[in-house]
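Undergrad: Numbering (the numbering used here), first residue to last: 1057 to 1179. All residues carry an ideal CB built from backbone N, CA and C; glycine is no exception.
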């Protein structure tokens, strides 16, 4: 519980306001820590309520698992600084494009990537 209290104090120190609601996963130490650190804040524990936060970093988590964890915070930062730019290169806004235009866009982006990374594409 001590670690959870320290976590919430550190989290709140950067905020300009007191949150109205806090949603977390079902770690038991959070409820006691929140009751002590922020007694007037509504607290919800639910598996699906924080999906937006969890899904925002899902590609990073998948890549981290493939790499068998980052060895340091510096290694994670180095990876993430490049990964977000490269990943967005291969994810055009599909919902805005017709199928033909999407295929042409992806072909162009893959060719650009092959040129930049000096990889030869299979014929």
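Helix, strand or coil, according to DSSP, for residue 1099 in the structure here?
TA: strand
Undergrad: Helix, strand or coil for residue 1077? Go by DSSP, reduced to three states.
TA: Three-state DSSP puts residue 1077 in a strand.
Undergrad: For residue 1116, which residues of its own chain have a beta-carbon under 8 Å away from its beta-carbon, when the five flanking residues on both sides are left out?
TA: 1136, 1139
Undergrad: With DSSP as the reference, label residue 1180 as helix, strand or coil.
TA: This structure gives no information on residue 1180, because the portion of the chain shown stretches from 1057 to 1179.
Undergrad: What's the gap between the Cα of residue 1098 and the Cα of residue 1128?
TA: Roughly 35 Å separates the two Cα atoms.
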